[in-house]
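According to the working numbering, the sequence shown is numbered sequentially starting from 2.
Even glycine gets a Cβ: it sits at the ideal position worked out from N, Cα and C.
Only a predicted model underlies this, so the values are computations on that prediction, with no experimental measurement involved.
Written below as structure tokens is the structure these notes are about.
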Amino acid sequence: MDTGAGWRIDYAIASPGLAALATTAEVDLAPTYAERWSDHSPVVVDFDLG
């Protein structure tokens, strides 16, 4: 059963100046359990760099 429960320790490290430009952050998880190749998922952060 896929409950999505569990420890998630994900970080995006940035300087204070870069962190202020962050616009979105998400965990890039496959849409279904069957499509996942791992139980790990990357954190994706978008920045507005102008």
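Whose C-alpha, out of P32, Y34, S42 and A13, is nearest the C-alpha of T25?
A13
Just to check my reading of the structure: V46 and A21 have Cβ atoms closer than 8 angstroms, yes? What is that Cβ distance to the nearest angstrom?
Their Cβ separation, rounded to whole angstroms, is 12 angstroms, which puts V46 and A21 out of contact at 8 angstroms.
Could you please give me the residues that DSSP links to T25 through a beta bridge?
D47
Residue of D49, L50, V28 and T33 minimising C-alpha distance to S42:
V28
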